[in-house]
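Student:
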Amino acid sequence: MHLDQSSKLSGVSYDIRGPVMEEAKRLEELGHRILKLNIGNPATFGFLAPDEILLDVIRNLPAAEGYSDSRGLMSARTAVVQHYQQRGLPDVEDVDDVWLGNGVSELIMMSLQAMLNDGDEVLVPAPDFPLWTAATSLSGGTAVHYLCDESEGWLPDLDDLAAKVTSRTKAIVVINPNNPTGAVYPRSTLEGIAEIARRHELVIMADEIYDKILYGDAVHIPMASVAPDLFTLTFNGLSKAYRLAGFRAGWLLVHGPKRNAGSYLEGLSVMANLRLCANVPAQHAIQTALGGRQSIKDLVLPGGRLLEQRDAAVTALRKIPGVSCVEPQGSLYVFPRLDPEVYPIKDDQQFVLDFLTEQRVLLVQGTGFSWPTPDHFRIVTLPYADELTDAIGRLGVFLETYDPL
Ligand code: PLP
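Count the sequence shown with UniProt numbering and you get residues 1 to 405, in order.
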């Protein structure tokens, strides 16, 4: 028998866990210690979930043995409704506007599969969180990348965004706070995106999973609050701010006028039914997480571990000749630039592999985030500050003699 993968997978990739990670695993099996700066998984770096959430899940385990409603538990969905009311979104009342999923990832897949016909286009930022591009392709659509501008703090280039709208465009993806750049968008940027969506009658898909991971005076403004007149899908969950990535708990809020979206919402319902329901024990965590003490603040305010680590990463990166970076205002990543005049890298996956082989530190290449040129990479800022400083110092040593040609 000869078994090929489906042609649906051609061009679909997820480099954060891709070939370079396979090489890192191989080296680990040979006994090498690899510092992994590739995945934003807080628990593996010693970030623990709040006890009250864990205790509540344990307490509810006996009630979590069966399937739930395919949209999710009423208590969790009510908590999500209340959360968005408190965040100032108008007209959020109906628990049926909330859908729970096995992480935001599953909801991204479901929402795009329910929406796209073959050849439909989705405007996805470059750089992006690559699941958006992959899920668009898997759903038969085409991800068209709009540029974010590094010289403007990685804010979306609204002219580029507007220029990329075609008659096939269905939706605009907005990732704010952003992975991989750490940008947090001001109201004017969100209004500019909303205006383009309004003009061309596009759906807005707002991925706000880092909405509570903010540094300094950064403020997160929910996209749906800026565009209450537009049909907006907002995605969020427990993986990052509540350090519960392994629970696979996320939600989707449908907001704005639904009168022309009845058929789409039925499709979303079909997608939700097809996967029966989200992991039920983890659904029990949502109410306690949203309603309880927001301990993430302790990590991002002055003296907090995440803030210290962001500062350590930026300081160490800026010491390396030919490396620059925009200081992240939120999220868990930095997306530094390697000056192509100093480092004429043609294949950034090879660069990441070479660094891994020599210094045993795992990064992700910028092209893995749909960035068009091989001159960036991403670091997660989850390790302790001294580990980050050491790893980035090793990058400096590596680059001193690196010959990419
Ligand atoms: N969206 C963004 C921007 C992310 O960075 C991630 C995970 O890194 C996800 C979604 C997926 O989150 P979840 O664990 O809820 O599937």
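Cβ atoms here follow ideal geometry from the backbone N, Cα and C, with glycine treated the same way.
With distances taken from each beta carbon to the nearest heavy atom of ligand 1, which residues come in below 6 Å, in chain order?
Tutor: Going along the chain, the residues that qualify are Gly40, Gly103, Val104, Ser105, Phe129, Ile175, Asn179, Asp207, Ile209, Gly237, Ser239, Ala245, Gly250.
Student: According to DSSP, is Phe335 part of a helix, a strand, or is it coil?
Tutor: As a position in the sequence shown, residue 335 is number 335, starting the count at 1. Here Phe335 sits in coil by DSSP.
Student: Verify the contact flag: Phe369, CB atom, against every heavy atom of ligand 2, threshold strictly below 7 Å.
Tutor: Within the structure as shown, ligand 2 is missing, the only ligands being ligand 1.
Student: Nearest CA to the CA of Pro336: which residue from Ile345, Pro344, Thr133, Ser324?
Tutor: By 1-based counting over the sequence shown, the position of residue 336 is 336. Out of Ile345, Pro344, Thr133, Ser324, Ser324 has the C-alpha closest to the C-alpha of Pro336.
Student: Pairing CB atoms from the stretch 247-263 with CB atoms from the stretch 83-102, are three or more of them under 8 Å?
Tutor: Yes, since at least three Cβ pairs between the stretch 247-263 and the stretch 83-102 fall closer than 8 Å, the two stretches touch.
Student: Once DSSP output is grouped into helix, strand and coil, what is the label at Gly366?
Tutor: Position 366 of the sequence shown, counted from the start, is the residue given in the question as residue 366. Note: Gly366 maps to helix in three-state DSSP.
Student: Which first and last residues belong to the alpha helix (DSSP H) in which Trp132 is found?
Tutor: Within the sequence shown, numbered from 1, the residue matching residue 132 stands at position 132. Per DSSP, Trp132 belongs to the alpha helix (DSSP H) from 131-138.
Student: What does a CB cutoff of less than 6 Å around His376 pick up in its chain, not counting 5 residues either side in sequence?
Tutor: If you number the sequence shown from 1, residue 376 lands on position 376. Phe335, Arg337, Gly366, listed in sequence order.
Student: Take the Cβ of Asn176 as the centre, count every other Cβ of all protein chains shown within 10 Å, and call the residue buried at 16 or more, exposed below.
Tutor: The residue labelled residue 176 in the question sits at position 176 within the sequence shown. Per the 10 Å Cβ criterion, buried.
Student: Let's see if you can read the secondary structure: which residues bound the beta strand (DSSP E) around Gly250?
Tutor: As a position in the sequence shown, residue 250 is number 250, starting the count at 1. Start and end: 249-255.
Student: Report the CB separation of Val104 from Asp207 in whole angstroms; it is logged as a contact under 8 Å.
Tutor: Residue 104 sits at position 104 when you count from the first residue of the sequence shown. Residue 207 sits at position 207 when you count from the first residue of the sequence shown. 7 Å between Cβ atoms; contact.
Student: Compute the distance between the beta-carbons of Pro130 and Cys148, then report whether it is under 8 Å.
Tutor: For the purposes of this step, residue 130 is identified with residue 130 of the sequence shown, where counting begins at 1. For the purposes of this step, residue 148 is identified with residue 148 of the sequence shown, where counting begins at 1. Contact flag unset, no.
Student: Please report the residue range of the alpha helix (DSSP H) in which Met74 lies.
Tutor: As a working mapping, residue 74 is identified with position 74 in the sequence shown. From DSSP, the alpha helix (DSSP H) with Met74 extends over 74-86.
Student: For the alpha helix (DSSP H) that contains His145, what are its first and last residues?
Tutor: For the purposes of this step, residue 145 is identified with residue 145 of the sequence shown, where counting begins at 1. First-last for His145: 142-149, but that is the beta strand (DSSP E), not the alpha helix (DSSP H).
Student: At which residues does the alpha helix (DSSP H) containing Ala218 begin and terminate?
Tutor: Reading the sequence shown from its first residue, position 218 is the one you call residue 218. Premise fails: Ala218 is in no alpha helix (DSSP H) and is neither H nor E.
Student: Does DSSP put residue 416 in a helix, a strand or coil?
Tutor: Within the shown structure, residues of the chain are numbered from 1 to 405, placing residue 416 beyond reach of any answer.
Student: For Ser263, which of Glu150, Val81, Gly304, Met115 has the nearest alpha-carbon?
Tutor: Indexing the sequence shown from 1 puts residue 263 at position 263. Selected option, being the one with the closest Cα: Met115.
Student: If we require 3 or more residues per run, which beta strand (DSSP E) segments fall completely within the stretch 234-288?
Tutor: List check, beta strand (DSSP E) in window: 249-255.
Student: Pull up the distance between the alpha-carbon of Ile296 and that of Trp251, whole angstroms please.
Tutor: Taking the sequence shown and counting its residues from 1, one reaches residue 296 at position 296. Taking the sequence shown and counting its residues from 1, one reaches residue 251 at position 251. For Ile296 and Trp251, the distance between alpha carbons rounds to 19 Å.
Student: Under the rule that 16 or more other beta-carbon atoms within 10 Å means buried, what is Met74, buried or exposed?
Tutor: Reading the sequence shown from its first residue, position 74 is the one you call residue 74. Exposed: under 16 other Cβ atoms inside 10 Å.
Student: Could you name the residues of the same chain whose beta carbon sits closer than 8 Å to that of Ala134, not counting the 5 residues immediately before and after it, in chain order?
Tutor: Translated into the one-based positions of the sequence shown, residue 134 becomes position 134. Correct list, in chain order: Val12, Ser13, Tyr14.
Student: Suppose contacts are defined by Cβ-Cβ distances below 8 Å. Is Gly216 in contact with Gln329 by that definition?
Tutor: Numbered from its first residue, the sequence shown carries residue 216 at position 216. Numbered from its first residue, the sequence shown carries residue 329 at position 329. Against a cut-off of 8 Å, the Cβ pair of Gln329 and Gly216 comes out as a contact.
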